[in-house]
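Peer 1:
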Amino acid sequence: MESLLNEIAHCVEFGKIDLKSPYPPDMKGKEGAAELTKKALDEGIPAKDILEKGLIVGMAKIGIKFRANEVFVPQVLMSAKAMSTAMEHIKPLFITGAVKAKGTFIIGTVAGDLHDIGKNLVSMMIEGNGWNVVDLGVDVKPEKFLEAVKENPNSYVGLSALLTTTMVQMEKIVSLIKEDHPETKILIGGAPVNENFKNKIGADFYAPDPQGAVEYINAGAA
Amino acid sequence: MTYKRKNFEPDFSNFEKVLRREKPNRPVLYEFAFNIPLLQRLTENKFTVDENDYMTYFKMLTEASVMMGYDYITVSAWRLNALAFPKGEVDQKKSKSQNEGALIKDIESFEKYPWPDADSYDYSLYEKIGKGLPDGMMMIPNSNGGVLENVTELVGYEQLCYMYMMDAELTKEIFDAVGSRLLRFYENVSKFDKVGAVIANDDWGFKTQTMFPPDMLREYVIPWHKKIADAIHSAGKLSMLHSCGNLKEVMDDIIDDIGYKGKHSYEDEIIPVEEAYKLWGDRIAIIGGLDIDFLTRSTPTEITRRAKALLELTSEKGGYALGSGNSIPEYIPYENFVAMISAVND
Numbered sequence: 041m042e043s044l045l046n047e048i049a050h051c052v053e054f055g056k057i058d059l060k061s062p063y064p065p066d067m068k069g070k071e072g073a074a075e076l077t078k079k080a081l082d083e084g085i086p087a088k089d090i091l092e093k094g095l096i097v098g099m100a101k102i103g104i105k106f107r108a109n110e111v112f113v114p115q116v117l118m119s120a121k122a123m124s125t126a127m128e129h130i131k132p133l134f135i136t137g138a139v140k141a142k143g144t145f146i147i148g149t150v151a152g153d154l155h156d157i158g159k160n161l162v163s164m165m166i167e168g169n170g171w172n173v174v175d176l177g178v179d180v181k182p183e184k185f186l187e188a189v190k191e192n193p194n195s196y197v198g199l200s201a202l203l204t205t206t207m208v209q210m211e212k213i214v215s216l217i218k219e220d221h222p223e224t225k226i227l228i229g230g231a232p233v234n235e236n237f238k239n240k241i242g243a244d245f246y247a248p249d250p251q252g253a254v255e256y257i258n259a260g261a262a
Numbered sequence: 003m004t005y006k007r008k009n010f011e012p013d014f015s016n017f018e019k020v021l022r023r024e025k026p027n028r029p030v031l032y033e034f035a036f037n038i039p040l041l042q043r044l045t046e047n048k049f050t051v052d053e054n055d056y057m058t059y060f061k062m063l064t065e066a067s068v069m070m071g072y073d074y075i076t077v078s079a080w081r082l083n084a085l086a087f088p089k090g091e092v093d094q095k096k097s098k099s100q101n102e103g104a105l106i107k108d109i110e111s112f113e114k115y116p117w118p119d120a121d122s123y124d125y126s127l128y129e130k131i132g133k134g135l136p137d138g139m140m141m142i143p144n145s146n147g148g149v150l151e152n153v154t155e156l157v158g159y160e161q162l163c164y165m166y167m168m169d170a171e172l173t174k175e176i177f178d179a180v181g182s183r184l185l186r187f188y189e190n191v192s193k194f195d196k197v198g199a200v201i202a203n204d205d206w207g208f209k210t211q212t213m214f215p216p217d218m219l220r221e222y223v224i225p226w227h228k229k230i231a232d233a234i235h236s237a238g239k240l241s242m243l244h245s246c247g248n249l250k251e252v253m254d255d256i257i258d259d260i261g262y263k264g265k266h267s268y269e270d271e272i273i274p275v276e277e278a279y280k281l282w283g284d285r286i287a288i289i290g291g292l293d294i295d296f297l298t299r300s301t302p303t304e305i306t307r308r309a310k311a312l313l314e315l316t317s318e319k320g321g322y323a324l325g326s327g328n329s330i331p332e333y334i335p336y337e338n339f340v341a342m343i344s345a346v347n348d
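Quick mapping for you: the protein sequence lines, in order, are chains A and B. For the first sequence, the numbering used here begins at 41 and goes up steadily by one. For the second sequence, the numbering used here begins at 3 and goes up steadily by one.
1) Out of D169(B), M140(B), R186(B) and L82(B), state which residue places its alpha-carbon closest to the alpha-carbon of D119(B).
2) Determine the chain B residues that contact L117(A) at a beta-carbon separation under 7 Å, and present them in chain order.
3) Check distances from the C-beta atoms of the region 269–296 of chain B to those of chain A and list, in chain order, the residues that come in under 8 Å.
4) Exposed or buried, what is Y246(A) when buried is set at 16 or more other beta-carbons lying within 10 Å of its beta-carbon?
5) Taking three-plus beta-carbon pairs below 8 Å as touching, is the region 46–66 of chain B in contact with the region 312–327 of chain B?
6) Quick one: Cα of F36(B) to Cα of I330(B), how far?
7) Look up L383(B) in the DSSP assignment and say whether it is helix, strand or coil.
8) Looking at chain A, which residues of the region 331–344 of chain B have a Cβ within less than 7 Å of any of its Cβ atoms?
9) For a minimum of 4 consecutive residues, which ranges assigned as the alpha helix (DSSP H) are wholly contained in the region 101–139 of chain B?
10) Against chain A, with Cβ distances strictly below 8 Å, would F87(B) count as a contact?
11) So if DSSP puts M180(A) in a beta bridge, which residue, or which two residues, is it bridged to?
12) Just curious, the alpha helix (DSSP H) that Y336(B) is in, first and last residue?
13) Taking buried to mean at least 16 other C-beta atoms within 10 Å of its own C-beta, is G69(A) buried or exposed?
14) For G229(A), report the span of its beta strand (DSSP E) as first-last.
15) In the region 56–71 of chain A, which residues sit with their C-beta less than 9 Å from some C-beta in chain B, listed in chain order?
16) Drop a sphere of 10 angstroms on the beta-carbon of E42(A), count the other beta-carbons inside from all chains shown, and report buried for 16 or more, exposed for fewer.
17) List the whole-angstrom C-beta distance separating I109(B) from Y115(B), where the pair is believed to meet the contact cut-off of C-beta under 8 Å.
18) Alpha carbon to alpha carbon, how far is I102(A) from I90(A)?
19) Pick from N236(A), V52(A), I213(A) and V150(A): whose alpha carbon is nearest that of S119(A)?
20) Give the DSSP-derived three-state secondary structure of G72(A) in the structure shown.
21) Looking only at DSSP bridge pairs, what is V77(B) linked to?
22) Can you find the residues in the same chain that come closer than 6 Å, C-beta to C-beta, to L44(A), ignoring five residues on each side of it along the sequence?
23) So, does the CB of V97(A) fall closer than 8 Å to a CB anywhere in chain B?
24) Is the Cβ of D23(A) closer than 8 Å to any Cβ of chain B?
25) Does the Cβ-Cβ distance between N338(B) and K8(B) come in under 8 Å?
26) Beta-carbon within less than 6 Å of T45(B)'s beta-carbon, same chain only, minus the 5 sequence neighbours each way: which residues are those?
27) Which residues does DSSP pair with Y246(A) in a beta bridge?
28) Per the DSSP calculation, M2(B) is bridged to which residue(s)?
29) I need the straight-line Cα distance from D259(B) to K228(B), nearest angstrom please.
30) Cβ of T212(B) less than 8 Å from any chain A Cβ?
31) Three or more C-beta pairs closer than 8 Å, one from the region 163–182 of chain B and one from the region 243–260 of chain B: is that the case here?
32) For S80(B), does the count of other Cβ atoms within 10 angstroms reach 16, so buried, or fall short, so exposed?
33) Does the separation of the CB atoms of G264(B) and I289(B) fall below 8 Å?
34) Would you say the beta carbon of W171(A) comes nearer than 7 Å to a heavy atom of the ligand ADP?
35) Quick check: the Cα distance between G134(B) and F17(B), rounded to an integer number of angstroms?
36) Please tell me whether L127(B) and L85(B) are closer than 8 Å, where the distance is taken between their beta carbons.
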């Protein structure tokens, strides 16, 4: 069992999606995260173990490498693709209650800003770490964030912005959400923001990279 | 009353000295682009700019640049619609998605794509614009997006990530199709007498790292930039790179392999320009650098103080031109912009 879970983790870490995927070149022709996940389920390994001791382990490893600049966005996207393909086999078990998400993470790029690379990356990493992600998309108005928080109690919220002119939206969103839901933890990220700005607007966490966001919310869920 | 730089006559040889990492005769200013209301304000609203009326725009830019104290004007290929790669529809607000509007996803769409001909453009427009410049002032042309920028827009960023990992052959074909056309464009614009230097504009970085692994840039992007820089130098002109984001991993490639003479675009969150000058200033000219967020949210006093300190820091060795980290968008307050450029008056 342990060996199969390690193989799954390896496939996710190195972005081996499935048998037909030519990437990575040294794993060409071998089974990927999708086949191995199915095999693990067929062998009776609990879905929770496949998720926590296989898939999530792989995503955590790639996240740490990304933070250390040992890998770049294309490698992270391949890992996320391997994870999400494997998750197709696991997702039906969420409905039965055999596996549970760690919680809900709401994410969006703030109003006026259509940039989505950072948001997508954070979204994939967090989903790949066992969270349910509500992606509100780009150019999201403050009211839409508030609505999502109302619909998803006890969720975390992630705000992304690319520009000096759009980051000011973050302050409005934080204030709107905290007014009604002071317990909601709000994370911010993006090119112009930093720790000082987080403090200024009363957000809870500045995530300099996706793994930082993952670790922050995982710590809260523990 | 509008701003005017004290005792100023355009003299491009000062900017050339900067690019050669020498001490200019007086402080030199550089800006990649200005917002139109700023240019109109500086020229006391004499000009009404229509998107298609490029001559009026360049007349206004020239007049405003002399007032502000610049030795050149940027001749933006975007404004002249020179060598534009047709793109798909992209929604645009204050920013735009780099995943939308992709037109190439496979070999079929690559082959069907209406590749523009870099030689069919009427380059005499550059001559015409050059004739309108006062003595001592020169043009610095750029391109309509760079090698990586254009490929990213044609394929979509995330899709390009997957393509690079799964289909090296098609990835190379697309980069070669874009790179070869941009090279031809740069060869064509570099030859004009009134072109004093050329800036290659191509964003490569995010805040924490390059947009693609350095090895990918070395395989597909950097070889084309080397050819572009060589073409500019063969025409007897000096070259610069405008590239945003964290490029620490490839700075040696930019300096030693490609051989660009100047590097433009800096962000405080990545590397403050003062630090960049200390790190690389003895190998490549450092151009601009006052962070856009700093220029937007600081007081004029703070801005002038930092600009003066920067001029002081770079005064001994030279190889520096004062300017913003990127360009002057409309949201930078006028007073803050003037606080920066007026630092050269003392």
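Using N, Cα and C, we set each Cβ at its ideal position, and we do this for glycine too. A quick note: this is a predicted structure, and the numbers were derived from the prediction, not measured.
Peer 2: Taking the geometry as given:
1) Stepping through the second sequence from its first residue, residue 119(B) is reached at position 117. Minimum Cα distance to D119(B) is reached at R186(B).
2) Indexing the first sequence from 1 puts residue 117(A) at position 77. Neighbours of L117(A) on chain B, chain order: E160, C163 and Y164.
3) Here the close residues are E269, E271, I294 and D295.
4) As a first step, residue 246(A) is located in the first sequence; it is residue number 206 there, counting from the start. So Y246(A) ends up on the buried side.
5) no
6) By one-based count along the second sequence, residue 36(B) stands at place 34. By one-based count along the second sequence, residue 330(B) stands at place 328. Cα-Cα distance, rounded: 5 Å.
7) Summary: the structure shown does not reach residue 383(B), with chain B confined to residues 3 through 348, and so no result is reported for it.
8) Those would be Y333, in chain order.
9) 109–114 and 126–133
10) As a working note, residue 87(B) is residue 85 in the second sequence. So, not an interface residue.
11) What you label residue 180(A) is simply residue 140 of the first sequence in a count that begins at 1. One point to set straight first is that residue 180(A) is Val, not Met, in the sequence displayed. V180(A) pairs with V150(A).
12) The residue you call residue 336(B) lines up with position 334 of the second sequence. If you look at Y336(B), you'll find it in the alpha helix (DSSP H) that goes Y336 to I343.
13) Within the first sequence, residue 69(A) is the residue found at index 29, counting from 1. It is exposed - the Cβ of G69(A) has fewer than 16 other Cβ atoms within 10 Å.
14) As a first step, residue 229(A) is located in the first sequence; it is residue number 189 there, counting from the start. The continuous beta strand (DSSP E) containing G229(A) extends over residues I226 to G229.
15) Result list: S61, P62, Y63 and P64.
16) Position 2 of the first sequence, counting from 1, holds the residue named residue 42(A). E42(A) is exposed by the Cβ-count criterion.
17) Taking the first residue of the second sequence as 1, we reach residue 109(B) at position 107. Taking the first residue of the second sequence as 1, we reach residue 115(B) at position 113. That belief does not hold up - the Cβ atoms of I109(B) and Y115(B) are roughly 11 Å apart, past 8 Å.
18) Indexing the first sequence from 1 puts residue 102(A) at position 62. Indexing the first sequence from 1 puts residue 90(A) at position 50. Cα-Cα distance, rounded: 17 Å.
19) For the purposes of this step, residue 119(A) is identified with residue 79 of the first sequence, where counting begins at 1. It is V52(A).
20) Mapped onto the first sequence, residue 72(A) falls at position 32. Three-state result, G72(A): coil.
21) Reading the second sequence from its first residue, position 75 is the one you call residue 77(B). For V77(B), which the question treats as bridged, DSSP gives the partners P143(B).
22) Locating residue 44(A) in the first sequence gives position 4, counting from the first residue. Cβ neighbours of L44(A) beyond the five flanking positions: A80.
23) Walking along the first sequence from the start, residue 97(A) turns up at place 57. No, V97(A) lies away from the interface with chain B (no Cβ there is under 8 Å from its Cβ).
24) The structure shown does not extend to residue 23(A), since chain A is modelled only from 41 through 262, so no value can be given for it.
25) Locating residue 338(B) in the second sequence gives position 336, counting from the first residue. Locating residue 8(B) in the second sequence gives position 6, counting from the first residue. No, these two residues do not count as a Cβ contact at 8 Å.
26) Here residue 45(B) corresponds to residue number 43 of the second sequence, with the count starting at 1. Excluding residues up to 5 positions away in sequence, M62, E65 and A66 lie with their Cβ nearer than 6 Å to the Cβ of T45(B) in the same chain.
27) As a working note, residue 246(A) is residue 206 in the first sequence. Beta bridge pairing from DSSP links Y246(A) with I228(A).
28) Nothing can be reported for residue 2(B), as the shown portion of chain B is limited to 3 through 348.
29) The sequence position of residue 259(B) within the second sequence is 257, counting from 1. The sequence position of residue 228(B) within the second sequence is 226, counting from 1. Answer to the nearest angstrom: the Cα atoms are 7 Å apart.
30) Indexing the second sequence from 1 puts residue 212(B) at position 210. Taking Cβ atoms only, chain A reaches closer than 8 Å to T212(B), which makes this a yes.
31) no
32) On the second sequence, position 78 is the one that residue 80(B) refers to. Note on residue identity: the sequence assigns Trp, not Ser, to residue 80(B). Under this definition W80(B) is an exposed residue.
33) Numbered from its first residue, the second sequence carries residue 264(B) at position 262. Numbered from its first residue, the second sequence carries residue 289(B) at position 287. Yes, the Cβ-Cβ distance between G264(B) and I289(B) is below 8 Å.
34) Of ligands this structure carries none, so the ligand ADP is not represented either.
35) Looking up residue 134(B) in the second sequence gives position 132. Looking up residue 17(B) in the second sequence gives position 15. Computed Cα separation, rounded: 19 Å.
36) One-based indexing of the second sequence puts residue 127(B) at position 125. One-based indexing of the second sequence puts residue 85(B) at position 83. No.
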